[in-house]
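Q: Residue numbers (our numbering), protein chains in the order written: chain A, 574 to 738; chain B, 574 to 738; chain C, 24 to 189; chain D, 24 to 189.
Just so you know, even glycine gets a beta-carbon here, dropped at the ideal spot from N, CA and C.
Keep in mind the model is a prediction, meaning the values are calculated, not measured.
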Ligand SMILES: Nc1ncnc2c1ncn2[C@@H]1O[C@H](COP(=O)(O)OP(=O)(O)OP(=O)(O)O)[C@@H](O)[C@H]1O
Ligand SMILES: Nc1ncnc2c1ncn2[C@@H]1O[C@H](COP(=O)(O)OP(=O)(O)OP(=O)(O)O)[C@@H](O)[C@H]1O
Ligand SMILES: [Mg+2]
Ligand SMILES: [Mg+2]
């Protein structure tokens, strides 16, 4: 089951809709400081259901909505869609392509979508149960976590093992 | 007042005596992972009076004594000496060259030295008062501190200002 | 559940030793130890890492790069036990020297036959090992856009030589 | 003491704005704000940093590299107010891209006329800006030694091309 595509609009620095297609193997994400690379990683965490705003470097959840620039208005909603190729049937869905989506409106309303149909967060987490994919997955790693795992901060090391076993 | 020389023996990975001479301007310290570069920085912090073992990545203060290898016995004592050129008279000492030293014996005994004469830690900190030099100086910076200053962990940002003003 | 944890733990531990030795060398030593083997589900897991010749009191005494490689070995050991379909690393190569960056990236390539990897990096050596690269830039202030890059147009997106080195 | 703190604070704040704008650009904005201006000695100090065009809610929303440059600007602002005879930076350049590394190192060169700098780094661009370099190695396992290096013998101490890139 691999990631085929991510579509981001109104999420963090993605004022314009951005579509990135992924292939097999190793994809590099490069660019200057502050350009938005970690924001792509945040978008993936967020659409997978991340609930802790501080994991997304934000004080409050609405901090992830594009807050505008000197030349642009802020966005009314943040939206991310992640598409998976499910031809191996790893995800318990009869679809060959599975798209999960998440929206957050500035009003505070929030939606989760599965193949375009509104669903609950639970439906998404159930879909990925036992695949090792999730917002707190042991497969999304940044440098700070290296230290946290080493110091076993907040039982992070224990969680890592429990997640896997 | 500039740093002219550091001499390290029995401190951390410096099983052999090492002498490094510094010049004016910018000195780079390079080398592979785990070779001992940060240990040089730790040696400077330690001889300036660092009392917190965790600032030196150690559980206990005796963790800074060279603990031996497969082919070598551990050291009985850790010793660091730092020499300053005081020709501008910034340090309140009549000497043109000022050398501070620190020793820690495995027995737990510890010594501070000023120009070869045993003294108290207080004599060393008094010497550097108002120079901006000290083990918790705002002039010894590692990457972790960038985050701590940004998050103002343990009033680190406040301390920075108080140190300077 | 205890059964499954113990079986998982023991497999991950074997993988950890194997991966650690390929990120370090065959003469380097490591281990994963349960603090309370009789109560595995209550146990915390201790990491022991001992680069050749050294006798570190704890993993905390290791250098920045050694710590990164050690935790990376643990993560890859877990991926061998329970492969994640995709792995994302955000600038995890930053503390590594050139030799270790190459080992790290070779390990990623080995695992990339079965899992997809997304690697955020500033490092040119890491970039050389990718199959595909995307450049993220802000042509309009504050607005990110993403474009495919390869080594021919890399300098437009990762401006390396625009600033003169004094 | 309040007098001295306020006078120091206001000078450091001016330096911060100036240094920030040379590490970023003249169009970037920043500030240092006392949480309780009427009680300066009880106040905490807030950092506001606003790269051009962006409207970050707080410094926490900034990227890794932007945060590093911002705190670096604050540190240099303090050095301008109260110069430290020597400054030691341990791999502070790790999160920076090439353009920012050059700016960072140019700032260090500027300050190095009055203060001594000791820079621990893995980065070749940073190495090019040093006046003198020492290589730390472990020829004997677990035992560090230090030797002068320059670009002619650098590869013996910072082995860059020993591992073949696949
Ligand atoms: N809600 C938002 N609206 C607009 N911009 C945002 C929002 N949240 C974050 N940003 C901007 O995104 C930028 C950070 O992007 P990101 O962390 O992805 O950078 P990066 O490419 O990872 O950089 P680095 O190489 O320094 O890590 C910041 O400048 C921040 O101001
Ligand atoms: N008391 C000690 N006796 C012997 N060796 C020690 C002692 N304390 C630390 N070391 C060793 O020193 C090494 C770490 O050195 P240091 O942190 O200086 O590396 P470094 O050159 O900064 O590497 P990096 O580039 O990864 O940051 C570790 O491998 C550790 O085992
Ligand atoms: Mg980033
Ligand atoms: Mg180090």
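State the DSSP-derived secondary structure class of residue 96 of chain D, mapped to helix, strand or coil.
A: The sequence position of residue 96 of chain D within the fourth chain is 73, counting from 1. Helix, per DSSP.
Q: Contact defined as beta carbons within less than 8 Å: I believe residue 166 of chain C pairs with residue 586 of chain A. What is the distance between those atoms, to the nearest angstrom?
A: Here residue 166 of chain C refers to the residue found at position 143 of the third chain. Here residue 586 of chain A refers to the residue found at position 13 of the first chain. Yes, they are in contact, since the Cβ atoms of residue 166 of chain C and residue 586 of chain A sit about 7 Å apart, within 8 Å.
Q: Between residue 43 of chain D and chain C, is any beta-carbon pair separated by less than 8 Å?
A: On the fourth chain, position 20 is the one that residue 43 of chain D refers to. By this cut-off, residue 43 of chain D is not an interface position.
Q: Mind checking if residue 589 of chain B is an interface residue toward chain C, Cβ cutoff 8 Å exclusive?
A: By one-based count along the second chain, residue 589 of chain B stands at place 16. No, residue 589 of chain B lies away from the interface with chain C (no Cβ there is under 8 Å from its Cβ).
Q: Any beta-carbon of chain C closer than 8 Å to the one on residue 699 of chain A?
A: Within the first chain, numbered from 1, the residue matching residue 699 of chain A stands at position 126. Chain C, which has no Cβ nearer than 8 Å to the Cβ of residue 699 of chain A, makes this no.
Q: Measuring straight from C-alpha to C-alpha, what distance separates residue 136 of chain D and residue 90 of chain D?
A: Here residue 136 of chain D is taken as the residue at index 113 of the fourth chain, counted from 1. Here residue 90 of chain D is taken as the residue at index 67 of the fourth chain, counted from 1. Whole-angstrom Cα-Cα distance: 26 Å.
Q: Looking at residue 671 of chain A: is its Cβ nearer than 8 Å to the Cβ of residue 180 of chain C?
A: By one-based count along the first chain, residue 671 of chain A stands at place 98. By one-based count along the third chain, residue 180 of chain C stands at place 157. No, the Cβ-Cβ distance between residue 671 of chain A and residue 180 of chain C is not below 8 Å.
Q: Tell me whether residue 80 of chain D is buried or exposed, calling it buried when 16 or more other Cβ atoms sit within 10 Å of its Cβ.
A: Indexing the fourth chain from 1 puts residue 80 of chain D at position 57. It counts as exposed.
Q: Answer with yes or no whether the minimum CB distance from residue 630 of chain B to chain C is below 8 Å.
A: As a working mapping, residue 630 of chain B is identified with position 57 in the second chain. Closer than 8 Å to some Cβ of chain C, the Cβ of residue 630 of chain B qualifies, so yes.
Q: Check whether the Cβ of residue 77 of chain C lies closer than 8 Å to any Cβ atom in chain B.
A: For the purposes of this step, residue 77 of chain C is taken as the residue at position 54 of the third chain. So, interface residue.
Q: Looking at the secondary structure, which residues open and close the beta strand (DSSP E) in which residue 683 of chain A lies?
A: Counting from 1 along the first chain, the entry for residue 683 of chain A is found at position 110. 683-687 is the span of the beta strand (DSSP E), which, as asked, contains residue 683 of chain A.
Q: In chain order, what residues of the same chain lie with their CB nearer than 7 Å to the CB of residue 88 of chain D, ignoring the 5 residues before and after it?
A: Position 65 of the fourth chain, counting from 1, holds the residue named residue 88 of chain D. So the list reads 118, 119, 120, 123, once near-sequence residues are dropped.
Q: Residue 137 of chain C by DSSP, collapsed to three states: which one?
A: Taking the first residue of the third chain as position 1, residue 137 of chain C is located at position 114. It is coil, neither helix nor strand.
Q: Does residue 78 of chain D come out as helix, strand or coil in the three-state DSSP assignment?
A: In the fourth chain, counting from the first residue as 1, residue 78 of chain D sits at position 55. Coil at residue 78 of chain D, not helix or strand.
Q: Given a limit of 9 Å on CB to CB distance, which residues of the region 81-98 of chain D reach chain C?
A: Correct list: 87, 88.
Q: Check the Cβ of residue 117 of chain C against every Cβ in chain D and list those closer than 7 Å, keeping chain order.
A: The residue labelled residue 117 of chain C in the question sits at position 94 within the third chain. Chain D residues near residue 117 of chain C: 117, 118.
Q: Starting from the beta carbon of residue 158 of chain C, find every residue of chain D whose beta carbon is closer than 8 Å, and list them in chain order.
A: By 1-based counting over the third chain, the position of residue 158 of chain C is 135. Per Cβ cutoff of 8 Å: no residues; residue 158 of chain C is ~12 Å from chain D at best.
Q: Going by alpha carbons, who is nearest to residue 109 of chain C out of A/636, A/669, A/600?
A: Counted from its first residue, the third chain places residue 109 of chain C at position 86. The shortest Cα separation from residue 109 of chain C among A/636, A/669, A/600 belongs to A/600.
Q: With a threshold of 7 Å on Cβ separation, who are the neighbours of residue 71 of chain D within its own chain once the five nearest residues in sequence on each side are excluded?
A: In the fourth chain, residue 71 of chain D corresponds to position 48, counting from 1. For residue 71 of chain D, where only same-chain residues beyond five positions count, the Cβ hits under 7 Å are 53, 54, 56.
Q: Residue 113 of chain C: beta carbon under 7 Å from a heavy atom of ligand 3?
A: One-based indexing of the third chain puts residue 113 of chain C at position 90. True, at least one ligand heavy atom lies under 7 Å from that Cβ.
Q: I'd like to confirm something about residue 610 of chain B: is its beta-carbon nearer than 7 Å to some heavy atom of ligand 5, or not?
A: Annotation note on ligand 5: not contained in the displayed structure, which lists ligand 1, ligand 2, ligand 3 and ligand 4 as its ligands.
Q: Taking only the alpha-carbon atoms, compute the straight-line gap between residue 18 of chain D and residue 99 of chain C and give it to the nearest angstrom.
A: Residue 18 of chain D is absent from the model: chain D starts at 24 and stops at 189.
Q: Determine the burial state of residue 128 of chain D: buried for a count of at least 16 other Cβ atoms within 10 Å of its Cβ, exposed for fewer.
A: Working through the fourth chain from its first residue, we reach residue 128 of chain D at position 105. Looking at its Cβ environment, which holds 16 or more other Cβ atoms inside 10 Å, residue 128 of chain D is buried.
Q: By how many angstroms is the C-alpha of residue 707 of chain B removed from the C-alpha of residue 95 of chain D?
A: Position 72 of the fourth chain, counted from the first residue, corresponds to residue 95 of chain D. Position 134 of the second chain, counted from the first residue, corresponds to residue 707 of chain B. Between residue 95 of chain D and residue 707 of chain B, the C-alpha separation is close to 19 Å.
Q: Given this structure, state the Cα-to-Cα distance separating residue 608 of chain A from residue 160 of chain C, to the nearest angstrom.
A: By 1-based counting over the first chain, the position of residue 608 of chain A is 35. By 1-based counting over the third chain, the position of residue 160 of chain C is 137. In a straight line, the C-alpha of residue 608 of chain A is about 5 Å away from that of residue 160 of chain C.
Q: Just tell me which of A/654, A/635, A/656 has its CA closest to the CA of residue 648 of chain A.
A: To locate residue 648 of chain A, count along the first chain from 1; it is residue 75. Comparing Cα-Cα distances from residue 648 of chain A to each of A/654, A/635, A/656, the minimum goes to A/635.
Q: Run through DSSP, which three-state label would residue 69 of chain D get?
A: By 1-based counting over the fourth chain, the position of residue 69 of chain D is 46. Looking at residue 69 of chain D - three-state DSSP - the assignment turns out to be strand.
Q: Shorter than 7 Å, the distance from the beta carbon of residue 58 of chain D to the closest heavy atom of ligand 3, or not?
A: Here residue 58 of chain D refers to the residue found at position 35 when the fourth chain is read from its first residue. Residue 58 of chain D Cβ: outside cutoff for every heavy atom of ligand 3.
Q: Would you mind stating whether residue 734 of chain B and residue 140 of chain D have Cβ atoms separated by less than 8 Å?
A: In the second chain, residue 734 of chain B corresponds to position 161, counting from 1. In the fourth chain, residue 140 of chain D corresponds to position 117, counting from 1. No, the Cβ-Cβ distance between residue 734 of chain B and residue 140 of chain D is not below 8 Å.
Q: Quick one: give me the first and last residue of the alpha helix (DSSP H) that residue 177 of chain C is part of.
A: Numbered from 1 along the third chain, position 154 holds the residue referred to as residue 177 of chain C. Looking at the DSSP string, the run of the alpha helix (DSSP H) that includes residue 177 of chain C is 177-180.
Q: In the DSSP assignment, the beta strand (DSSP E) including residue 112 of chain C goes from what residue to what residue?
A: Against the third chain, residue 112 of chain C aligns to sequence position 89. Per DSSP, residue 112 of chain C belongs to the beta strand (DSSP E) from 109-113.
Q: Rounded to whole angstroms, what's the CA-CA distance from residue 673 of chain B to residue 164 of chain C? Just pull it up for me.
A: Within the second chain, residue 673 of chain B is the residue found at index 100, counting from 1. Within the third chain, residue 164 of chain C is the residue found at index 141, counting from 1. Roughly 52 Å separates the two Cα atoms.
Q: Tell me which same chain residues have a C-beta within less than 8 Å of the C-beta of residue 82 of chain C, skipping the five on either side of it?
A: In the third chain, the residue the question calls residue 82 of chain C occupies position 59. Cβ within range, chain order: 70, 71, 72, 90, 93.
Q: May I ask which residues mark the beginning and end of the alpha helix (DSSP H) holding residue 39 of chain C?
A: On the third chain, residue 39 of chain C is found 16 positions in, with the first residue counted as 1. Run containing residue 39 of chain C: 25-46, per the alpha helix (DSSP H) assignment.
Q: Run through the region 579-662 of chain A for me and flag every whole alpha helix (DSSP H) of 4 or more residues, listed as ranges in chain order.
A: The region 579-662 of chain A contains these whole alpha helix (DSSP H) runs: 610-620.
Q: Could you tell me whether the region 576-584 of chain B touches the region 647-666 of chain B, using the rule of 3 or more Cβ pairs below 8 Å?
A: Cβ pair count under 8 Å is three or more, so yes.
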